[in-house]
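If you number the sequence shown the way the numbering used here does, the last residue is 119 and the count never jumps.
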Amino acid sequence: MTAGIKTIIYPVKDLAGAKSLFITLLGTEPVRDEPYYVGYRVAGQDIGPDPHGHSKGMTGPLAYWHVDDIEAGLLEAGAETVQAIQDVGGGKLTASLKDADGNAIGLIQPA
Numbered sequence: 009m010t011a012g013i014k015t016i017i018y019p020v021k022d023l024a025g026a027k028s029l030f031i032t033l034l035g036t037e038p039v040r041d042e043p044y045y046v047g048y049r050v051a052g053q054d055i056g057p058d059p060h061g062h063s064k065g066m067t068g069p070l071a072y073w074h075v076d077d078i079e080a081g082l083l084e085a086g087a088e089t090v091q092a093i094q095d096v097g098g099g100k101l102t103a104s105l106k107d108a109d110g111n112a113i114g115l116i117q118p119a
């Protein structure tokens, strides 16, 4: 079961520049401001520029579906792992997949 797309991560090379741009675009300061990730929450969406996104193979923004079970059979249904499941803190799990057409699919299982 999914709760929909609630998170979008942008790979960035210049985190300070991205932070300035997103503050202007979103009209708010980040709720999380770390050297490895800056996060914003606007209208129920989590938005985050990630300075390590490119090294993880991201070529553009990645939308993350919030799911109850991150291992719910998507690989058996034809998806391919891009980034294996990892705990990103406090029990929150993330992974990224691609479908048969190469479309990126992000998954988050809340803690």
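Ideal Cβ positions, reconstructed from N, Cα and C, are used throughout, including at glycine.
- In this chain, Ser63 is not harboured by any beta strand (DSSP E), its DSSP state being neither H nor E.
- Checking the DSSP bridge columns, you'll see Pro19 partnered with Asp58.
- Leaving aside the five residues that flank Gly52 on each side, the residues in its chain whose CB is nearer than 8 Å to its CB run, in chain order, Lys14.
- In the structure shown, the three-state DSSP call for Leu83 is coil.
- Collapsing the DSSP output to three states places Thr102 in a strand.
- Contact annotation, Ala103 with Ala92: C-beta distance approximately 6 Å; criterion of less than 8 Å satisfied.
- DSSP places Gly114 in the uninterrupted beta strand (DSSP E) bounded by Ala112 to Gln117.
- With contacts defined by Cβ atoms closer than 9 Å, Gly68 and Pro19 form a contacting pair.
- Annotation: Ala26 to Ile17 spans about 12 Å, alpha carbon to alpha carbon.
- By the Cβ test, the stretch 32-51 is not in contact with the stretch 104-115, since fewer than three Cβ pairs between them sit closer than 8 Å.
- With contacts defined as CB atoms closer than 9 Å, Ile113 and Ala87 qualify as a contacting pair.
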